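Shown next, in structure tokens, is the structure this report addresses.
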Amino acid sequence: MKVILNAVQMMAGGIFLLGLTGRAAHAAENVSGATLTVEASAALSNAEFLVGMAKSKKLLWTTAAGALTQAQEAAKKQDSEAVTRYSSVASEQAFLGLAQSGYPLTGAD
Numbered sequence: 000m001k002v003i004l005n006a007v008q009m010m011a012g013g014i015f016l017l018g019l020t021g022r023a024a025h026a027a028e029n030v031s032g033a034t035l036t037v038e039a040s041a042a043l044s045n046a047e048f049l050v051g052m053a054k055s056k057k058l059l060w061t062t063a064a065g066a067l068t069q070a071q072e073a074a075k076k077q078d079s080e081a082v083t084r085y086s087s088v089a090s091e092q093a094f095l096g097l098a099q100s101g102y103p104l105t106g107a108d
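The sequence shown: position 38 = 37 (numbering that gives the first Met the number 0), numbered continuously.
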């Protein structure tokens with residue numbers, strides 16, 4: 000049940016965050032001459048949100064942090080395809096780290 004609650008909170012937060020930052024981020028990109036697609040910007044924002052949430056709960060996996068770093072580096076190079084790919088990995092790994100907290104602990108036999 001806790002896993003489902005976490006998933007709902009993450010989805011709601013992600014949707015809220017994208018609603019707030021999506022247009023502003025896209026406008027800032029247009030001003031600076033950046034060429035990231037809307038989908039890449041949204042994927043990066045979502046990944047940053049999920050990784051931040053996992054980090055704040057001390058559930059961040061190193062694979063999520065690494066993928067987010069790669070996505071941010073790709074964004075600096077304006078590589079929308081790489082941003083989307085790495086952001087997807089970062090989001091998935093952050094989600095799994097958060098979901099892991101809902102699993103029962105097992106003892107050694």
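Glycine included, C-beta positions come from ideal geometry on N, C-alpha and C.
None of the values given here were measured: they were computed from a predicted structure.
Proximity of residue i and residue j at Cβ, strictly below 7 Å
| i | j | result |
| --- | --- | --- |
| S87 | L58 | no |
| A89 | A63 | yes |
| L67 | V50 | yes |
| L35 | S79 | yes |
| A112 | A98 | Past the edges of the chain, shown from 0 to 108, lies residue 112, and the structure says nothing about it. |
Where the alpha helix (DSSP H) containing residue i begins and where it ends
| i | result |
| --- | --- |
| T36 | No alpha helix (DSSP H) holds T36; DSSP gives it neither H nor E. |
| T114 | Given a span of 0 to 108 for the chain in the structure shown, any question on residue 114 remains unanswerable. |
Cβ-Cβ separation, residue j to residue i (assumed contact under 8 Å), whole Å
| i | j | result |
| --- | --- | --- |
| A93 | Y85 | Actually they do not touch by this definition, with Cβ atoms about 12 Å apart. |
Closest residue to residue i among the options (Cα-Cα distance)
| i | options | result |
| --- | --- | --- |
| G65 | S40, Q77, A41 and E91 | E91 |
| L95 | K75, E38, W60 and P103 | W60 |
| A39 | Q77, K56, Y102 and S55 | Q77 |
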